[in-house]
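Structure first, commentary second.
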Amino acid sequence: MPTVNVYLTFEGNCKEAFDFYKLVFGGEFPYVGTFAEMPPQEGMPVPDEMKDKIMHISLPISKETIIMGSDTGGEWGVNYKQGTNFSISITADSKEEADKLYNGLSVDGKITMPIDSTFWGDYLGMFTDKFGINWMVSFNENPQQ
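First residue of the sequence shown? That's 2 in this note's numbering, and the numbers climb one at a time after it.
Here it is as structure tokens:
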């Protein structure tokens, strides 16, 4: 059965926000990655002002619930709007389930990232559905300990 969590997007203050959430909820960050840590991608250089910004961070709230987040900016931040800066993140139990959910929910929507394997070990795709809701569908192919 898939799990559903919230993914928050920030305009440069993601780490500050997550440090605050950590004070409130407690716990530890199992992963914090910056844009500088991304492998080079042809035709998509990381601007210097984004290198120290958060590419991905997560904070477990309970056994079943995790809040996740990242910064946005430059080309990535064109559609950023505070108050609507979140996505529903679904983690599937298999690639097949991820494909089924991605393909079903994205019908008549706008694909922002085709579902595919990522350098950090997730099979991930993102889209906005036909009702304007942002979704992220993933399967963790390489779980981090």
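Using N, Cα and C, we set each Cβ at its ideal position, and we do this for glycine too.
Item checked: alpha helix (DSSP H) runs wholly inside the segment 79–118, at least 4 long, in chain order -> Segments of the alpha helix (DSSP H) lying fully in the segment 79–118: 96–106.
Check: Between Thr-113, Glu-142 and Pro-31, which lies nearest to Ile-68 when the distance is taken from Cα to Cα?
Finding: Pro-31
Item checked: Among Gly-27, Phe-36 and Ser-59, the one whose alpha carbon lies nearest that of Pro-46 -> Phe-36
Next item on the list: Return helix, strand or coil for Phe-140, following the three-state DSSP convention.
Entry: strand
Next item on the list: Taking only the alpha-carbon atoms, compute the straight-line gap between Val-108 and Phe-128 and give it to the nearest angstrom.
Entry: 10 Å
Next item on the list: Leaving aside the five residues before and after Glu-97 along the sequence, list all residues of the same chain whose C-beta is less than 6 Å from its C-beta, in chain order.
Entry: none
Checklist line | Cut-off 7 Å between Cβ atoms - residues of its own chain near Lys-64, not counting five sequence neighbours on either side | finding: none
Next item on the list: Determine the contact status of Asp-100 and Ile-112, defining contact as a CB-CB distance below 9 Å.
Entry: It is not a contact, given that the beta carbons lie outside the stated cut-off.
Checklist line | Spatially closest choice to Ile-134 from Phe-87, Gly-13 and Met-114, by CA coordinates | finding: Phe-87
Notebook entry, point to check: Hey, out of Glu-142, Gly-105, Val-138 and Gln-83, whose CA is closest to Leu-9's CA?
Noted result: Gln-83
Checklist line | Start and end residues, alpha helix (DSSP H) containing Gly-47 | finding: Note on identity: in this sequence residue 47 is Val, with Gly being the wrong assignment. From DSSP, Val-47 is part of no alpha helix (DSSP H); its letter is neither H nor E.
Next item on the list: May I ask you to report which of helix, strand or coil DSSP gives Asp-72?
Entry: strand
Item checked: Neighbourhood of Phe-120 by C-beta distance below 8 Å, restricted to the same chain and skipping five residues each side -> Once the five neighbours on either side are set aside, the close Cβ partners of Phe-120 are Met-39 and Pro-40.
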